[in-house]
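Have a look at the structure below, then the notes.
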Amino acid sequence: MSEKESDLESEIQREAFLGTLPVATEKKIYGFLDAFLVLSGYCIATWSYTQGVYLTTLVGFQQLLIGTFFGAIFMLLIYQLPVILSTRYGIDSWIWLRATLGKNGVIALSVLLILINFPWYAVCAELFSSSMQNLLKLCGMNVLNGRVSHVFLAILCVLLGVSLAWRGIGVITRTTKILVPILLLLGIFVIFITFTRVPFHVIWDYLPHHQANEKPNIAYYIMSIEANFAFVITLFGGMSGIPRLAKTERAGYFAGVFGQGISGSLFVVVGAVMSIAMQHLTGKVTDDPTLMLATLGFPAMAIFSLFLVAFANIGTQALGLYLYGVVLKSSFGKKKYKNLIILLAIYVTLLVIWGGVTEYFGAFLTISACIYAPLAALLFADFFFVRKGKIDLRSAFFLKGHSHYQYTKGFNLLGIFCVFAGMLMSLAIYNPVTEEIHNLFLFHLTPTGFSFIGTLFLYCLLSKLPVVRRYLLKDRKDVTFHAVPFDREKTPPRQIFFILPIIWLVSFFMTRSGKLGKIQKRNMAGIQPPYFVIATHHSFMDFYITPLALFPHRANYISELEGFEAFGEWKYRQIGCLGTRKFVNDLSLIRNMKKVVERGDILVLYPEARYANVGTNSEIPISVAKMAKMLNVPLVALNMKGNYLQSPIWNLHKRKGVQLQAELKCLYNKEELAKSEITEIHQTIQEFLTYDEYAYQFEKKMKISYKKRAEGLETVLYQCLTCEVEFQMISSDEKLICKNCGEVFFMDDYGKLQTKNQEMTAIHIPDWYEHERKMVEKEIKEQRYFFKCLVKIEALPNGENFIPMGVGTLFHDKRGFVLQFHEENYEGKKEMLFQAHTTPSLHTEYDYRGKGQAIVLSTLDNSYFLFPVESEEGNFNVTKLLFATEFLYKIQKRL
Numbered sequence: 001m002s003e004k005e006s007d008l009e010s011e012i013q014r015e016a017f018l019g020t021l022p023v024a025t026e027k028k029i030y031g032f033l034d035a036f037l038v039l040s041g042y043c044i045a046t047w048s049y050t051q052g053v054y055l056t057t058l059v060g061f062q063q064l065l066i067g068t069f070f071g072a073i074f075m076l077l078i079y080q081l082p083v084i085l086s087t088r089y090g091i092d093s094w095i096w097l098r099a100t101l102g103k104n105g106v107i108a109l110s111v112l113l114i115l116i117n118f119p120w121y122a123v124c125a126e127l128f129s130s131s132m133q134n135l136l137k138l139c140g141m142n143v144l145n146g147r148v149s150h151v152f153l154a155i156l157c158v159l160l161g162v163s164l165a166w167r168g169i170g171v172i173t174r175t176t177k178i179l180v181p182i183l184l185l186l187g188i189f190v191i192f193i194t195f196t197r198v199p200f201h202v203i204w205d206y207l208p209h210h211q212a213n214e215k216p217n218i219a220y221y222i223m224s225i226e227a228n229f230a231f232v233i234t235l236f237g238g239m240s241g242i243p244r245l246a247k248t249e250r251a252g253y254f255a256g257v258f259g260q261g262i263s264g265s266l267f268v269v270v271g272a273v274m275s276i277a278m279q280h281l282t283g284k285v286t287d288d289p290t291l292m293l294a295t296l297g298f299p300a301m302a303i304f305s306l307f308l309v310a311f312a313n314i315g316t317q318a319l320g321l322y323l324y325g326v327v328l329k330s331s332f333g334k335k336k337y338k339n340l341i342i343l344l345a346i347y348v349t350l351l352v353i354w355g356g357v358t359e360y361f362g363a364f365l366t367i368s369a370c371i372y373a374p375l376a377a378l379l380f381a382d383f384f385f386v387r388k389g390k391i392d393l394r395s396a397f398f399l400k401g402h403s404h405y406q407y408t409k410g411f412n413l414l415g416i417f418c419v420f421a422g423m424l425m426s427l428a429i430y431n432p433v434t435e436e437i438h439n440l441f442l443f444h445l446t447p448t449g450f451s452f453i454g455t456l457f458l459y460c461l462l463s464k465l466p467v468v469r470r471y472l473l474k475d476r477k478d479v480t481f482h483a484v485p486f487d488r489e490k491t492p493p494r495q496i497f498f499i500l501p502i503i504w505l506v507s508f509f510m511t512r513s514g515k516l517g518k519i520q521k522r523n524m525a526g527i528q529p530p531y532f533v534i535a536t537h538h539s540f541m542d543f544y545i546t547p548l549a550l551f552p553h554r555a556n557y558i559s560e561l562e563g564f565e566a567f568g569e570w571k572y573r574q575i576g577c578l579g580t581r582k583f584v585n586d587l588s589l590i591r592n593m594k595k596v597v598e599r600g601d602i603l604v605l606y607p608e609a610r611y612a613n614v615g616t617n618s619e620i621p622i623s624v625a626k627m628a629k630m631l632n633v634p635l636v637a638l639n640m641k642g643n644y645l646q647s648p649i650w651n652l653h654k655r656k657g658v659q660l661q662a663e664l665k666c667l668y669n670k671e672e673l674a675k676s677e678i679t680e681i682h683q684t685i686q687e688f689l690t691y692d693e694y695a696y697q698f699e700k701k702m703k704i705s706y707k708k709r710a711e712g713l714e715t716v717l718y719q720c721l722t723c724e725v726e727f728q729m730i731s732s733d734e735k736l737i738c739k740n741c742g743e744v745f746f747m748d749d750y751g752k753l754q755t756k757n758q759e760m761t762a763i764h765i766p767d768w769y770e771h772e773r774k775m776v777e778k779e780i781k782e783q784r785y786f787f788k789c790l791v792k793i794e795a796l797p798n799g800e801n802f803i804p805m806g807v808g809t810l811f812h813d814k815r816g817f818v819l820q821f822h823e824e825n826y827e828g829k830k831e832m833l834f835q836a837h838t839t840p841s842l843h844t845e846y847d848y849r850g851k852g853q854a855i856v857l858s859t860l861d862n863s864y865f866l867f868p869v870e871s872e873e874g875n876f877n878v879t880k881l882l883f884a885t886e887f888l889y890k891i892q893k894r895l
C-alpha cells in the first residue's frame with residue numbers, strides 16, 4: 001500500500017471512530033468485557049458519591065439499596081435498547097436522530113443537551129479538587145488552600161482529561177481496563193471497612209430525619225426512584241459512543257446496562273454507606289471520599305482517594321470529553337475534533353469558576369432528565385415502532401441527492417414538538433426547582449417515567465396519521481436493506497431471567513380478555529426441564545398462554561422469521577426464539593433444538609406451523625414424532641381452546657364472549673418415550689392436538705354477537721356450496737353472499753351458517769372447508785388443475801428487513817411451484833422451482849399487514865412473500881393453493 005493510500009485509510013478510520021462515518025464490522029474493537037469496563041469507568045466518578053449522599057436525605061438504606069440497583073437497571077434495560085442500532089450500523093445514535101429530529105434539530109438539541117449535561121463534569125472536577133485539598137492536609141502539607149487553589153485543582157482535572165481525550169479511544173480503553181477492576185475491588189473493600197467501623201444495624205436500619213420522626217411518605221421514595229431514573233438517563237447523550245464500536249449487538253447492549261446499572265450503582269451505594277457512617281461518627285454530612293476514608297479507616301487510607309477520586313475522575317473526564325466530542329462531531333462534521341474538545345473543556349472550566357453546580361445537584365439532576373427522557377423515548381419509538389430498525393444511511397449522512405431528513409428547514413417539526421411536549425409532561429407533575437408536586441397520582445410514575453411513556457405514545461400515535469406518516473417516512477423507498485441471510489447456526493440464548501416477570505405479567509393481562517381460567521395440568525407431577533412441548537396453533541394468543549402454562553420455567557420457542565423482522569431480531573432472540581423458515585428442511589434448526597434441551601431448557605414447537613384457517617387442526621407431520629424420539633426428553637403437549645374464536649386469521653378483530661381454556665399434558669416421560677414406536681408417538685400426538693373450535697363454541701353455547709363476524713370468511717369459504725362456482729363469495733357483516741347465484745348464508749351467534757334454502761340444514765364451517773378440499777383434489781385427479789398469476793414479490797432474507805423484488809410470475813401444477821422474476825445482477829429471468837415432494841404444506845396469509853392475501857415460499861436462506869397484482873386478485877386464493885399443495889405432496893410421496 002502506498003503512503004498516500006495508507007494516510008487515506010488512517011483518515012477514514014479516524015473519522016469512523018469520531019462518529020462522522022459508520023464503523024465497519026471488521027473495525028469494531030470491543031467485546032462485552034472491554035465495553036463493560038469502559039462504560040463502568042464512565043460511571044465510576046465522584047458524582048456517584050454525590051448521588052449516594054443525596055439519596056440518604058430521601059429514603060432509608062434498605063429502600064435506597066433496592067431503588068438504586070432496581071431503578072437504574074430497570075430504566076437502562078428499556079432506554080438502552082436502541083443502542084443495538086449503533087452496533088448494527090456502526091453509527092452514533094445522534095446519526096439516527098437526524099431522521100427523527102432533522103439535521104438542524106440534531107444540532108440544536110445536541111448543543112442544548114451538552115449545556116444541560118456538562119455540569120456533571122464540573123461536579124467531577126469540583127470533588128476532585130476538594131478531595132485533593134483534603135488529601136494534602138491529611139499528609140501534613142498545608143498548601144493549595146482557599147478558593148483560588150480549589151479552582152486551580154478543578155481545572156487541572158479538566159486539563160488532564162483533555163490530554164487523554166486528545167489521544168483517542170485507544171488510550172482511554174487501555175486506561176480503563178486497568179483502572180476499573182481496581183476501582184471495583186476498592187469499592188467493595190471500602191464497604192467492608194465501613195461495616196467494621198460502624199455497627200451493621202446503624203447502616204442497615206438507617207432512616208433520614210424526616211422518616212425517623214414521621215410516618216413514611218411515599219413521595220420521598222418516588223423522588224429517590226426519580227433520582228435513580230434521572231441519574232442513568234442523563235447518560236443518554238453518550239450512550240452509543242461505545243456500543244457502536246462493539247462487535248455484537250448483545251455485547252453493546254448489556255455492556256451499557258451492566259456497566260452503568262451495576263458498576264455505577266455500586267458506587268452510589270458506596271457513597272451512601274460512607275455518608276451514613278460519617279453521620280453516625282461525626283454528626284456531619286459530606287460527599288468527599290477523602291474525608292470519609294480518613295475518618296472511617298485511618299489517615300493513610302485516604303491515599304485510596306488517589307484511585308477513587310483522582311484517577312476515576314480524570315478517566316471520566318476523558319471519556320466524557322470523547323463521547324460528547326463525538327456527539328458534536330456528528331453535528332458539526334467539518335469542525336476539528338480537538339477544537340471541539342477544547343470548547344467542551346472551556347465550558348466545564350467556566351462552570352467550575354462559577355462554583356454553584358454541586359449546591360443545586362438535585363434540581364440539576366431532574367432538569368437534565370426533563371429533556372433526556374423525551375429524547376430517549378423519541379429514539380426508542382422511532383427505531384422500534386415507526387422506522388422499525390430501517391434507515392436510509394445516505395440521507396442520514398446527507399450524501400448528494402439524498403435529502404429525506406431535511407424536513408422543514410432542517411427541523412423535523414413532529415420530533416421537536418414531541419421532545420418539548422415530553423418536557424412539559426415532566427414539569428406538569430413536578431417542579432424540580434421548588435420540589436413541588438403538582439399531580440401526586442401521575443407522580444407515582446416518576447417525572448422521568450411519565451415523560452418517557454407519554455412521549456413514546458404521543459410520537460407513535462401521531463405517526464399513524466396519514467399526513468404525518470408521509471412527512472416522516474419519505475425514506476421508505478431508499479432505506480438501507482440488509483441482504484445477508486439469517487444466521488441459522490447461531491445458538492439461541494436462554495430467556496433473560498429478569499425479562500421473565502415482564503413476559504408473565506403481560507401474558508396474564510392479555511389473557512384476561514378471554515377470562516382464561518386455571519390451566520389444567522395432567523401427568524405433569526415430577527416433570528422438570530428439560531422437556532419438549534408441542535402445542536396447537538390458533539392465533540397470536542397462543543404466545544401468551546404458553547408462557548403461563550410453563551410457569552415458572554423459561555423456554556425457547558421456534559419462530560418464523562417474520563416475527564423477528566416485525567419485533568426486532570435482537571429482542572426476539574432475547575425472549576428465547578429460534579429463527580427458522582416454514583416447510584423447509586433445516587438441519588441447523590435441529591442442531592439448535594438439541595442444544596436447547598442439552599443445556600436443560602424447555603423447547604416449544606407449534607407443529608402446525610400456521611394459524612388454524614377454520615378452527616380445526618392440521619395434520620401433524622411424522623417428523624415431529626421422530627424429533628421427539630431423538631431429543632430423548634419428556635414429551636409434553638398443550639391443547640388450547642378459544643384462541644381462534646376470539647381472533648380468526650381471516651378477520652383478526654378480537655371478539656367478546658369467548659372463554660379460553662388450555663390443557664397441558666405429559667404424553668410420554670423419558671422412559672416411556674424410549675420404549676414407544678414412532679408411529680405410536682405420532683398417533684398419540686395427532687389425537688391430543690385434535691380440535692374443532694366451532695364445535696367447542698356450540699358445545700359451550702358461547703355467544704359471539706360481533707356484528708361483522710362473517711367479514712373475511714369468503715377468503716376461506718371461496719366456493720359457493722349451492723352453485724359450486726369459485727371466487728364469487730363476498731361478505732358483509734354477518735352475511736356470506738354468492739355473487740353468482742345470490743345465495744345468502746347467515747353466520748349466527750354460535751358459529752353456524754344458516755340459509756333460507758330449505759334443502760340445507762345449519763352448516764358447520766369446517767365441513768364446508770373440507771368440501772372445498774375434496775373439490776380441489778378431484779380437480780387434480782382429473783388433471784384439470786393449473787394456476788398462473790402475476791405476483792408482487794418481497795424477499796425476507798433475514799430478521800431485519802423485507803426487500804422489494806418487483807413483479808414476477810407464479811405457476812403451480814403437479815411439479816410444484818415455479819416462480820419467475822428478474823433479479824438484480826442476474827441476466828434474464830430467474831426461475832425457482834419448489835418441488836411438490838419437498839413442499840408438504842404452505843404458509844398462507846389472508847391479509848398480511850394490510851396488503852391482502854399472500855403465500856410464502858422459502859429456501860433455507862430466503863423467504864419470498866407473494867402478493868397478487870391488483871388485476872389478478874380475483875383469481876388468487878390462498879386456501880385453494882393450500883389444498884392443492886398438500887394433495888400434490890401426498891401424491892408425490894406415494895410415487
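Numbering (UniProt numbering), first residue to last: 1 to 895. Backbone N, C-alpha and C fix where the C-beta goes; we use that ideal spot for every residue, glycine too.
Determine the direct distance from the alpha carbon of E126 to that of M132, and round the result to whole angstroms. So the alpha carbons of these two residues sit roughly 10 Å apart.
>> Just to confirm, is the Cβ distance from K855 to H843 under 9 Å?
In response: According to the sequence provided, residue 855 is Ile. The question's Lys does not apply to it. Going by C-beta atoms, I855 is nearer than 9 Å to H843.
Using only alpha-carbon positions, find the residue among K247, F551, N757 and Y337 that is nearest to M524.
The closest CA to that of M524, considering only K247, F551, N757 and Y337, is found on F551.
Inset, instruction - Please state whether DSSP places S863 in a helix, a strand or coil. - result: S863 carries a strand assignment under DSSP once its states are collapsed to helix, strand and coil.
Hey, W768 and T715 are a contact pair by Cβ (cut 8 Å); roughly how many whole angstroms apart?
13 Å between Cβ atoms; not a contact.
Rounded to a whole number of angstroms, what is the C-alpha to C-alpha distance between F70 and L77? Each residue's alpha carbon lies about 10 Å from the other.
For this session: Report, in whole angstroms, the separation of the C-beta atoms of Y696 and K641, which I expect to be a contact under 8 Å.
Result: At roughly 5 Å, the Cβ-Cβ gap stays under 8 Å, so Y696 and K641 are in contact.
Please report the distance separating the alpha-carbon of S451 from that of L375.
Cα-Cα distance, rounded: 10 Å.
Inter-stretch contact (C-beta, 8 Å, three-pair minimum) for the segment 729–736 and the segment 705–714: Touching, yes.
Please state the DSSP three-state secondary structure of A312.
When secondary structure is reduced to three states using DSSP, A312 falls in the helix class.
- Task: Measuring alpha carbon to alpha carbon, tell me which of L65, F192, K477 and L393 ends up nearest G806.
- Result: Ranking L65, F192, K477 and L393 by Cα distance to G806 puts K477 first.
Using the C-alpha atoms, what's the distance from V636 back to N669? The C-alpha of V636 is placed about 8 Å away from the C-alpha of N669.
With distances taken from CA atoms, which of N862, I681, T684 and C43 is nearest V268?
Nearest option by C-alpha distance: C43.
Quiz prompt | Beta-carbon contacts of H402 that lie in its chain and below 6 Å, excluding the five residues immediately before and after | solution = Closer than 6 Å at Cβ, skipping near neighbours: R394 and S395.
- request: List the DSSP bridge partners of I29.
  value: Paired residues: none, contrary to the question.
**Prompt:** Just reading off the alpha helix (DSSP H) that R197 is part of, what are its end residues?
**Reply:** From DSSP, the alpha helix (DSSP H) with R197 extends over I169 to R197.
With distances taken from CA atoms, which of I499, Q820, K774 and Y557 is nearest V791? Checked all of I499, Q820, K774 and Y557; the closest Cα to V791 is Q820.
Check your understanding: Quick one: Cα of G355 to Cα of S130, how far?
Key -> Their backbone Cα atoms lie some 12 Å apart in a straight line.
- Query: Nearest CA to the CA of L810: which residue from E782, S623 and V878?
  - Reply: Nearest of E782, S623 and V878 to L810, Cα basis: V878.
Taking one C-beta from the segment 483–496 and one from the segment 552–572 each time, how about it: are there three or more such pairs within less than 8 Å?
Yes, the segment 483–496 is in contact with the segment 552–572.
ask   = Taking just the CA atoms, how far does V467 sit from G170?
value = For G170 and V467, the distance between alpha carbons rounds to 47 Å.
Check whether the segment 91–99 and the segment 272–279 are in contact - that is, three or more C-beta pairs closer than 8 Å. The segment 91–99 is not in contact with the segment 272–279.
Query raised in the report: Near H812, which residues of its chain fall below 7 Å by C-beta distance, leaving aside the five closest residues on each side in sequence?
Result: Here the set comprises F787, L881 and A884.
For this session: Could you spell out where the beta strand (DSSP E) holding R522 opens and where it closes?
Result: Its beta strand (DSSP E) spans residues Q520 to R522.
Assign L667 to buried or exposed, taking buried as 16 or more other Cβ atoms, counted over all protein chains shown, within 10 Å of its Cβ.
Per the 10 Å Cβ criterion, buried.
TODO: Note down the Cα distance separating E671 from Y691, rounded to an integer number of angstroms.
DONE: When the Cα atoms are used, E671 and Y691 turn out to be separated by approximately 28 Å.
Whole angstroms are fine: how far does the CA of L414 sit from the CA of T761?
Straight-line measurement puts the Cα of L414 at about 58 Å from the Cα of T761.
Just to confirm the assignment: which complete beta strand (DSSP E) runs, minimum length 3, are found wholly within the segment 341–398? Taking only runs of at least 3 residues, no beta strand (DSSP E) segment lies wholly in the segment 341–398.
Top-ranked residue by Cα proximity to L293, from E779, Y49, M775 and K781: The residue with the shortest Cα to Cα distance from L293 is Y49.
Notebook entry, point to check: Using a Cβ-Cβ cut-off of 7 Å (strictly less than) and excluding sequence neighbours within five positions of M1, which residues of its own chain qualify?
Noted result: Confidence is the limiting factor: at M1 the pLDDT is only 47, short of 50, which leaves the residue's position unreliable, though a coordinate-based value still follows. Once the five neighbours on either side are set aside, M1 has no close Cβ partner at all.
Does the contact criterion of 3 or more C-beta pairs under 8 Å hold for the segment 771–779 versus the segment 739–752?
These segments do not touch.
Leaving out the 5 sequence neighbours to the left and right, which residues in its chain are closer than 7 Å to Y611 when beta-carbon positions are compared? H537, H538, S539 and I649, listed in sequence order.
**Prompt:** Are the beta-carbon atoms of R573 and S858 separated by less than 9 Å?
**Reply:** It is not a contact, given that the beta carbons lie outside the stated cut-off.
Measuring CA to CA, which of M510, Y30 and L660 is closest to G256?
-> Cα-wise, what sits closest to G256 is Y30.
Just to check my reading of the structure: S86 and G252 have Cβ atoms closer than 8 Å, yes? What is that Cβ distance to the nearest angstrom? Rounded, the Cβ-Cβ distance is 7 Å, consistent with contact.
Exercise. Cβ of T455 within 9 Å of Cβ of A377?
Worked result: Judged by beta-carbon spacing, A377 lies within the 9 Å limit of T455, meaning their Cβ atoms are closer than that value.
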